[in-house]
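Numbering (this note's numbering), first residue to last: 94 to 529. The beta-carbon is built from N, C-alpha and C at its ideal position, and this holds for glycine as well. See below for the structure under consideration.
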Ligand SMILES: [Zn+2]
């Protein structure tokens with residue numbers, strides 16, 4: 094059972110309420126939980142495995158609050174396009190290859206990339222969650238997903254009634270699949286792919302299950318204009334009227350929220366997954382996350398898919414978030430701990446996991462990462478948080494634990510063979526050659 098002692102870390106960035114940074118600290122993991130921090134006596138039982146964290150920084154694993162992991166298979170497929178052009182190209186490629194086994198394969202790829210870069214939790218929206226969830230758990234990720242809904246049949250060939258029937262089976266299926274604990278989610282794709290009546294149906298179902306909701310919302314100005322034209326209301330007002338906001342909801346993007354939308358979002362405890370890499374690459378704009386945070390909205394960070402931002406590297410998202418902040422506000426107003434918190438505990442809060450992960454505190458599950466500090470580009474250290482936000486990168490993540498299980502050991506995945514996975518990926522991706 095996952096028992097570990099992480100000895101003598103040069104730094105432990107706790108991301109607790111006081112934003113403590115401990116030096117020369119030891120963390121004890123028992124049955125997958127953080128049981129002691131700097132205990133007066135280090136346990137000696139043979140049930141413990143040991144990790145010498147000398148010249149390492151230990152912090153909570155990163156939480157990616159908006160991704161489509163399986164689309165790692167389409168990395169670089171849709172370049173030089175805006176969101177409309179992007180969707181057209183991507184939907185064609187998905188139509189060609191994304192059957193259920195391929196969704197699982199792409200998710201394995203995405204989960205492996207995420208873990209190796211220090212991301213331990215991903216909120217993942219994609220087709221065939223029954224197989225993607227299993228694939229991601231197999232690699233060791235805390236994988237948060239659920240049934241996806243759109244009005245049209247889609248690649249999975251499901252009509253609306255099939256989607257509802259599948260969603261009804263999801264709580265039992267989710268439980269049976271096991272893996273690190275995650276909340277139940279239902280995922281209507283967006284206001285522009287789901288009618289208001291269908292959104293209402295999903296909201297009712299979520300209330301019945303006690304599930305949370307994840308959807309794309311106000312990603313572009315065009316989406317808002319269309320919503321105003323079609324519904325006479327902003328996307329936020331549409332989901333409010335549909336009852337979606339009666340359950341805890343996470344918006345993917347939320348770039349264009351009006352002042353009224355921000356008030357509504359805050360009042361209903363909904364949260365925002367900020368995806369600056371995707372938003373900039375597709376020319377969509379910059380979300381004013383400071384205004385959201387000031388209103389009390391939990392803002393997490395996300396990569397979006399590998400077709401819109403090309404990788405699942407949360408470190409580049411951290412850095413971009415900070416740089417956009419100093420560009421749109423003033424450098425002196427940048428609170429580096431806010432960036433680290435958005436990537437960890439606030440991300441966890443945004444998706445209903447803040448009691449479980451997101452900080453290093455006794456009683457929480459041990460989703461931890463170790464960053465090797467002996468690289469030249471991390472030397473010297475004058476400011477630990479600035480090092481993490483502006484200098485560290487994913488190749489510095491050496492070891493990763495999820496629920497106390499060591500899923501990455503010295504830069505290697507422990508639960509799957511990456512070489513064998515890569516061969517399967519290249520083989521399947523070649524099926525796209527004919528439509529390029
Ligand atoms: Zn997305």
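Three-state secondary structure (DSSP) of residue 117
Residue 117 falls in the strand class under three-state DSSP.
Kindly indicate which three-state DSSP category residue 340 falls into: helix, strand or coil?
Looking at residue 340 - three-state DSSP - the assignment turns out to be coil, as it is neither helix nor strand.
Which residue marks the beginning of the beta strand (DSSP E) containing residue 184, and which one marks its end?
Here residue 184 belongs to no beta strand (DSSP E); instead the alpha helix (DSSP H) covers 176-190.
Compute the Euclidean distance between the alpha carbons of residue 478 and residue 468, then round it to the nearest angstrom.
Linking residue 478 to residue 468 through their CA atoms gives a straight-line distance of about 16 Å.
Determine contact between the stretch 282-294 and the stretch 314-324, defined as no fewer than three beta-carbon pairs at a distance below 8 Å.
Yes: the two stretches touch, three or more of their Cβ pairs being nearer than 8 Å.
Any heavy atom of ligand 1 closer than 6 Å to the Cβ of residue 345?
Residue 345: yes, Cβ under 6 Å from ligand 1.
Is it buried or exposed for residue 474, if we count other Cβ within 10 angstroms and need 16 for buried?
Residue 474 counts as exposed, since fewer than 16 other C-beta atoms from the protein chains shown sit within 10 angstroms of its C-beta.
Rounding to the nearest angstrom, what Cα-Cα distance links residue 239 and residue 408 in this structure?
Put simply, the backbone Cα of residue 239 is about 26 Å away from that of residue 408.
Cβ atoms of residue 217 and residue 162: under 7 Å apart, would you say?
For the pair residue 162 and residue 217, the CB atoms are nearer than the 7 Å cut-off.
Would you decide whether residue 433 is buried or exposed? Buried here means 16 or more other CB atoms lie within 10 Å of its CB.
By the 10 Å Cβ count, residue 433 comes out buried.
By a C-beta neighbour count over all protein chains shown, 10 Å radius and 16 as the cutoff for buried, is residue 458 buried or exposed?
Residue 458 comes out buried.
Between which two residues does the beta strand (DSSP E) holding residue 364 run?
Element bounds for residue 364: 364-367.
Distance, residue 130 Cα to residue 106 Cα:
Taking the CA atoms as reference points, residue 106 sits about 12 Å from residue 130.
Hey, is the stretch 135-155 in contact with the stretch 370-388, meaning 3+ C-beta pairs nearer than 8 Å?
Touching, no.
Can we say the stretch 396-407 touches the stretch 200-210, given the rule of at least three CB pairs closer than 8 Å?
These segments touch.
Hey, would you say residue 248 sits closer than 7 Å to residue 220, going by beta carbons?
Yes; because the gap between Cβ atoms is below 7 Å, this pair is in contact.
Could you compute how far the alpha carbon of residue 366 sits from the alpha carbon of residue 137?
If you take the alpha carbons of residue 366 and residue 137, they lie about 42 Å apart.
Cβ atoms of residue 410 and residue 380: under 7 Å apart, would you say?
Remark: C-beta atoms of residue 380 and residue 410 do not approach each other more closely than 7 Å.
Less than 6 Å between C-beta atoms, sequence neighbours within five positions excluded: which residues of the same chain meet that for residue 518?
Contacts found: 202.
Can you name, in chain order, every residue of its own chain whose Cβ lies under 6 Å from the Cβ of residue 354, other than the five neighbours on each side?
327, 329, listed in sequence order.
Nearest to residue 501 by CA position, among 374, 300, 144, is which residue?
Check the Cα spacing between residue 501 and each of 374, 300, 144: the tightest is with 144.
When we look at the beta-carbon of residue 134 and count the other beta-carbons within 10 Å, is it buried (16 or more) or exposed?
With a threshold of 16 other beta carbon atoms within 10 Å, residue 134 falls short and is exposed.
My output table needs one value for residue 104: the three-state DSSP class, helix, strand or coil.
Note: residue 104 maps to strand in three-state DSSP.
Going by DSSP, which residues form a beta bridge with residue 157?
For residue 157, which the question treats as bridged, DSSP gives the partners 215, 394.
Would the beta-carbon of residue 255 be found less than 6 Å away from any heavy atom of ligand 1?
Flag unset: Cβ of residue 255 not near ligand 1.
Look at the Cβ atom of residue 463, then the Cβ atom of residue 149, and state whether they are nearer than 7 Å.
Against a cut-off of 7 Å, the Cβ pair of residue 149 and residue 463 comes out as a contact.
Give the secondary structure of residue 136 by DSSP, where H, G and I count as helix, E and B as strand, and everything else as coil.
Residue state, collapsed to three classes: coil.
Cβ contact check for the stretch 116-125 and the stretch 168-182: 3 or more pairs under 8 Å:
Contact between the stretch 116-125 and the stretch 168-182 is absent: fewer than 3 CB-CB pairs across the two stretches fall below 8 Å.
Residue closest to residue 508, alpha-carbon to alpha-carbon, out of 294, 520, 146, 494
The candidate whose alpha carbon is nearest that of residue 508 is 494.
Taking the CB atoms as reference points, tell me whether residue 122 and residue 393 lie closer together than 7 Å.
Contact flag unset, no.
Any heavy atom of ligand 1 closer than 6 Å to the Cβ of residue 339?
Within the chosen limit of 6 Å, ligand 1 does not reach the beta carbon of residue 339 with any heavy atom.
Should residue 489 be labelled buried (16 or more other beta-carbon atoms within 10 Å of its own) or exposed?
Residue 489 is buried by the Cβ-count criterion.
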